[in-house]
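In what follows, a single structure is set out as structure tokens and then discussed.
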Amino acid sequence: MRARSDRAGPRVPGRRYRRGVFLILVVAAILRLYDIGGKSLWLDEIMTVQKASLTFSGMMEQIASHDAHPPLFQIIEWLWLRLGRSDGFSRLPAAFAGIAGVALACAVARRLFGRRSMILAGALMAVSYFQVYYSQEARLYSLVMVLVLGLTWLLIRILEHRGRAGWGWWLSYAAVAAACLYTYLLTFLAIGALGVAYLVLSRRRQWTRFVVANILAAALFVPWLPVTTRITSRLRADLAAHGGSLPRPGFRSISGGVAEWVLGPRPWTQIPPLRAALGVSLLVLVGAGLAARKSRRGPRFIAIGFLLPLVAYVLMPMPRVHIYDPKHLAFLQPLLLIGLSGMRFGLRERRGTPLIAVAGCAALVVLLNAWSLRHYYDRNFQKERWPEVAEYVVPGIEKHDGIVFNPPYIGFAFEYYAGSDAARSLVRECATRVAESRPVRRVWLVQCRSPVAYPSPVIEEKIVKGGWSPEPATARAFAGHLGQITVVRFGRRVDSDGFP
190 MRARSDRAGP RVPGRRYRRG VFLILVVAAI LRLYDIGGKS LWLDEIMTVQ KASLTFSGMM
250 EQIASHDAHP PLFQIIEWLW LRLGRSDGFS RLPAAFAGIA GVALACAVAR RLFGRRSMIL
310 AGALMAVSYF QVYYSQEARL YSLVMVLVLG LTWLLIRILE HRGRAGWGWW LSYAAVAAAC
370 LYTYLLTFLA IGALGVAYLV LSRRRQWTRF VVANILAAAL FVPWLPVTTR ITSRLRADLA
430 AHGGSLPRPG FRSISGGVAE WVLGPRPWTQ IPPLRAALGV SLLVLVGAGL AARKSRRGPR
490 FIAIGFLLPL VAYVLMPMPR VHIYDPKHLA FLQPLLLIGL SGMRFGLRER RGTPLIAVAG
550 CAALVVLLNA WSLRHYYDRN FQKERWPEVA EYVVPGIEKH DGIVFNPPYI GFAFEYYAGS
610 DAARSLVREC ATRVAESRPV RRVWLVQCRS PVAYPSPVIE EKIVKGGWSP EPATARAFAG
670 HLGQITVVRF GRRVDSDGFP
């Protein structure tokens, strides 16, 4: 299955390719580790770190009760935080996974399209804004991408054995597939697509081993299936109570996500029509470039592995809790970059397109991502500004004040950056005083609006109707990349025995 396009013409010594991959991995490591602790944690990251701070049984109980994602990344984070603790240290597992993902992308591209495409795929992965962003986030997405790449590489190696792959290959495939499911549920789309790719591209199918490997992967996930079923049922009930599921992502959302995967988010992918047009253009460009190749296996593999999960995600019935975000299908982004690397030499073989034209296209992608990374590494770039919020509110809190968090679950993020144990204790006491409707002198209202936090307007209305008026001089807004946190203090307008 390995491409032969790089065998024509003068042979370049393999040592040069190895040096190229090593240099790419060095660049990837620098970009993923640089200033990794310079940005404060945002809401989801704080949730990850706080769960990892519990005992193992306590953490698993929390995940089984409240977390929509399976536990593998959280377990890795729990083990890692036994060695140390800081914002940057908590992000290192994701960074290491991101570096490994670059190496695996090189390996997959080499098997599908040849050694020159291996270098280009590695370079695109190394400087990808999307990859760097999630490699510096203490969440599961970087691990998901590297696991799906590992599963892809295993299947390609199985196909190369032409019906003679031993049980070791298939058992490894089953183990990695189970690890994918234990990290992120939507990876079942990638597993299914890879299964289809095997059935379509394999000329000598090992039916018994193929079926056993997939059954084994499913069986390994069975212990967590009741938890998944219970959480899914609860999500459906919650969505029904609040007006039903969000709509399926449309064409503009999906194509815009493709543009962000390849080009980064600044500023060319911020205008919705332009974002959608760029996404469609990229898909057409990659499709045309791959279609021009003499060998069909690599292009077909990319087409099945990338397009099938994308279409299935849009069409399948499922509860949609959040508006579509490109990270929801993050595991497809490396395949798209590998496809982009594979089109380069196909265009040259078929039409005689000057190499400089396609190299220029790749260079443009690299430069656009570098521009986005320049903004990302700016010290003023913060996903959310919880340390600044805590620094503003905590010194002003008095013993008989009350604190209201809207939505209520953002309280743990505020408390995380509250400072000393005494300050955290005071914050808890103030929040409890409000929850129990005990008398308070003043009320602090902290609200957060982001992709995972939706404040209710009813909360502020209740405060005002209860005899409290906002103090405009205390109002502050803390804008971050993912959302905005607002703070305002309310004073008593009329006599009241407690918090209404």
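Counting the sequence shown from 1 gives a position; this note's numbering is that position plus 189.
Glycine included, every Cβ here is placed at the ideal spot set by N, Cα and C.
For clarity, every value in this text was computed on a predicted model and none was experimentally measured.
* What are the partner residues of Gln636, as DSSP defines its beta bridges? -> One-based indexing of the sequence shown puts residue 636 at position 447. Answer is Asn595 and Thr675.
* Got a sec? Which residues, its chain only, sit under 7 angstroms from Leu471 by beta carbon, not counting five neighbours each side? -> Looking up residue 471 in the sequence shown gives position 282. Around Leu471: Val447, Ala448 and Val451.
* To do: To the nearest angstrom, report how far apart Trp342 and Ser361 are at their CA atoms.
  => Numbered from 1 along the sequence shown, position 153 holds the residue referred to as residue 342. Numbered from 1 along the sequence shown, position 172 holds the residue referred to as residue 361. Between Trp342 and Ser361, the C-alpha separation is close to 11 angstroms.
* Whose C-beta lies closer than 6 angstroms to the C-beta of Ala298 among residues of the same chain, with five residues either side of it excluded? -> For the purposes of this step, residue 298 is taken as residue 109 along the sequence shown, with counting starting at 1. Closer than 6 angstroms at the Cβ level, and outside the excluded window around Ala298, lie Ser306, Met307, Ala310, Ile527 and Ser530.
* Return the bridge partner residues of Ser658 from the DSSP annotation. => Position 469 of the sequence shown, counted from the first residue, corresponds to residue 658. Its beta-bridge partners are Gly680.
* Among Pro438, Pro576, Ala379 and Arg678, which has the Cα closest to the Cα of Glu660? -> Stepping through the sequence shown from its first residue, residue 660 is reached at position 471. The residue among Pro438, Pro576, Ala379 and Arg678 with its C-alpha nearest the C-alpha of Glu660 is Arg678.
* Using the C-alpha atoms, what's the distance from Val475 back to Met532? -> Locating residue 532 in the sequence shown gives position 343, where the first residue counts as 1. Locating residue 475 in the sequence shown gives position 286, where the first residue counts as 1. Going from the Cα of Met532 to the Cα of Val475 covers about 6 angstroms.
* Given Val316 as reference, the closest of Asn595, Ala664 and Tyr565 once Cα atoms are compared -> As a working note, residue 316 is residue 127 in the sequence shown. Measuring from the Cα of Val316, the nearest candidate turns out to be Tyr565.
* Asked: Excluding the five sequence neighbours on either side, which residues of its own chain have a C-beta within less than 6 angstroms of the C-beta of Pro754, listed in chain order?
  -> Beyond the ends of the chain as shown, which are 190 and 689, falls residue 754; an answer cannot be given.
* List the DSSP bridge partners of Phe667. => As a first step, residue 667 is located in the sequence shown; it is residue number 478 there, counting from the start. Looking at the DSSP assignment, Phe667 forms a beta bridge with Ile674.
* Contiguous alpha helix (DSSP H) assignments of at least 4 residues, all confined to the stretch 544-593 -> 544-565 and 575-582
* Would you call the CB atoms of Met334 and Ala286 closer than 9 angstroms? -> Numbered from 1 along the sequence shown, position 145 holds the residue referred to as residue 334. Numbered from 1 along the sequence shown, position 97 holds the residue referred to as residue 286. Taking a C-beta distance under 9 angstroms as the contact criterion, Met334 and Ala286 qualify as a contact pair.
* Roughly how many angstroms separate the alpha carbons of Arg638 and Ser645, rounded to a whole number? -> Counting from one through the sequence shown, the residue named residue 638 turns up at place 449. Counting from one through the sequence shown, the residue named residue 645 turns up at place 456. Rounded to the nearest angstrom, the two C-alpha atoms are 10 angstroms apart.
* Leaving out the 5 sequence neighbours to the left and right, which residues in its chain are closer than 8 angstroms to Phe570 when beta-carbon positions are compared? -> Residue mapping note: residue 570 aligns to position 381 of the sequence shown, counting from 1. Within the same chain, Phe570 has close Cβ partners Lys228, His564 and His670.
* Every unbroken alpha helix (DSSP H) inside the stretch 329-362 [4 residues or more] -> Segments of the alpha helix (DSSP H) lying fully in the stretch 329-362: 330-349.
* **Cβ-based neighbour list, Gln636, same chain, cut-off 6 angstroms, excluding 5 preceding and 5 following** => As a working note, residue 636 is residue 447 in the sequence shown. Cβ within range, chain order: Asn595, Pro644 and Thr675.
* Does the beta carbon of Leu232 fall short of 8 angstroms from some heavy atom of the ligand PLP? -> In the structure shown, the ligand PLP is absent, as is every other ligand, since no ligand is present at all.
* Using three-state DSSP, classify Ala642 as helix, strand or coil. => In the sequence shown, residue 642 corresponds to position 453, counting from 1. Reduced to three states, the DSSP call for Ala642 is strand.
* Using a Cβ-Cβ cut-off of 7 angstroms (strictly less than) and excluding sequence neighbours within five positions of Val201, which residues of its own chain qualify? -> Indexing the sequence shown from 1 puts residue 201 at position 12. At Val201, the pLDDT of 44 sits below 50, so the modelled position is not reliable and the matter cannot be decided from this model.
* **alpha helix (DSSP H) segment containing Pro498, residue limits** => In the sequence shown, the residue the question calls residue 498 occupies position 309. Segment Arg486 to Leu504, the alpha helix (DSSP H) holding Pro498.
* Who are the Cβ neighbours of Gly352 in its own chain at under 8 angstroms, not counting the five residues just before and after it? -> As a working note, residue 352 is residue 163 in the sequence shown. The residues are Ser391, Arg392, Arg393, Arg394 and Gln395.
* Asked: Three-state secondary structure (DSSP) at Arg631?
  -> Along the sequence shown, one-based indexing puts residue 631 at 442. DSSP, reduced to helix, strand and coil, places Arg631 within a strand of the structure shown.
* Helix, strand or coil: which one does DSSP assign to Ala481? -> As a working mapping, residue 481 is identified with position 292 in the sequence shown. Here Ala481 sits in coil by DSSP.
* Could you check how far apart the C-beta atoms of Tyr513 and Ser442 are, in whole angstroms? I think they sit under 8 angstroms. => Within the sequence shown, numbered from 1, the residue matching residue 513 stands at position 324. Within the sequence shown, numbered from 1, the residue matching residue 442 stands at position 253. Distance from Tyr513 to Ser442 at the Cβ level is roughly 5 angstroms; contact confirmed, criterion being Cβ atoms closer than 8 angstroms.
* Asked: Taking the alpha helix (DSSP H) that Lys240 falls in, what are its first and last residues?
  -> The residue given as residue 240 occupies position 51 in the sequence shown. Residues Leu232 to Ala241.
* Beta-carbon proximity list for Ala382, same chain, < 7 angstroms, skipping 5 on both sides -> Against the sequence shown, residue 382 aligns to sequence position 193. Closer than 7 angstroms at the Cβ level, and outside the excluded window around Ala382, lie Ile493, Gly494, Leu497 and Pro498.
* To do: Report the rounded CA-to-CA distance for Ser331 versus Arg631, giving the unit in angstroms.
  => Residue numbering aside, residue 331 sits at position 142 when the sequence shown is read from its first letter. Residue numbering aside, residue 631 sits at position 442 when the sequence shown is read from its first letter. If I take the Cα positions, the gap works out to 43 angstroms.
* To do: Determine the direct distance from the alpha carbon of Ala579 to that of Gly600, and round the result to whole angstroms.
  => The residue you call residue 600 lines up with position 411 of the sequence shown. The residue you call residue 579 lines up with position 390 of the sequence shown. For Gly600 and Ala579, the distance between alpha carbons rounds to 11 angstroms.
* Inspect the beta-carbon positions of Phe328 and Ala283 and report whether they are closer than 9 angstroms. => As a working note, residue 328 is residue 139 in the sequence shown. As a working note, residue 283 is residue 94 in the sequence shown. The residue you asked about is not Phe; residue 328 is Arg in the sequence shown. Yes, the pair counts as a contact, with Cβ atoms nearer than the cut-off.
* Met236 burial status per 10 Å Cβ neighbour count (16 or more: buried) -> For this step, residue 236 is matched to residue 47 along the sequence shown. Flag for Met236 reads buried.
* Among Leu232, Arg622 and Tyr223, nearest to Asp567 - alpha-carbon criterion -> By 1-based counting over the sequence shown, the position of residue 567 is 378. Answer by Cα proximity: Tyr223.
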